[in-house]
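Numbering (my numbering), first residue to last: 2 to 172.
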């Protein structure tokens with residue numbers, strides 16, 4: 002019997018489901034979902050590339066490989082459309098991931114966003130807004146550059162050159 006260190010790395014609230022992560026002494030990561038009825042559903046790590054596992058008592062199957070493939074396609078598609086500006090790429094990819102997640106069953110949202118955060122540097126809309134706010138306080142444009150060095154021309158525009166919607170959409 003495997004001894005579990007009860008190290009909780011995160012706890013997320015979804016629609017009646019709680020997602021917990023624990024690590025074994027060897028560092029292997031396992032996920033648990035507690036359903037609305039309090040029943041705990043043990044799952045294998047969502048980062049095991051050859052494993053499917055049960056997500057909920059409704060028998061919704063989450064396939065990490067399929068999700069990872071979709072996120073890789075989104076990443077490759079957007080990578081070439083962001084002018085080598087990582088912040089722009091990250092923000093557009095995060096918005097594309099949010100759009101993709103909205104098409105999935107609610108029970109899968111937390112796991113997909115966790116995988117996206119771990120492997121694709123996903124940021125929530127709130128985190129992006131906070132990053133832009135911090136950059137503005139430091140005198141940087143919304144792309145993370147000194148305004149006069151921005152490859153997108155922020156130095157030639159007025160102070161509110163960055164529209165949040167523009168950061169999420171492709172040119």
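Note that the Cβ used here is the ideal one computed from N, Cα and C, for glycine as well. Computed from a prediction, not measured in an experiment: that's the story for all the values here.
{"query": "Residues that DSSP places opposite residue 141 in a beta bridge", "result": "147"}
{"query": "Validate contact between the segment 75 to 94 and the segment 137 to 152 using beta carbons, cut 8 angstroms, 3 pairs", "result": "yes"}
{"query": "Assumed close pair residue 74, residue 94 - CB separation to whole angstroms, cut-off 8 angstroms", "result": "Their Cβ separation, rounded to whole angstroms, is 11 angstroms, which puts residue 74 and residue 94 out of contact at 8 angstroms."}
{"query": "Extent of the continuous alpha helix (DSSP H) run through residue 174", "result": "For the chain, the structure presents residues 2 to 172; residue 174 sits outside this window and is missing."}
{"query": "Which of helix, strand or coil DSSP assigns to residue 102", "result": "helix"}
{"query": "Helix, strand or coil at residue 156 [DSSP, three-state]", "result": "helix"}
{"query": "Contact the segment 60 to 69 vs the segment 103 to 122: 3+ CB pairs below 8 angstroms", "result": "yes"}
{"query": "Buried/exposed call for residue 92, threshold 16 Cβ in 10 Å", "result": "buried"}
{"query": "Contact between the segment 101 to 110 and the segment 136 to 143 (3+ Cβ pairs under 8 angstroms)", "result": "no"}
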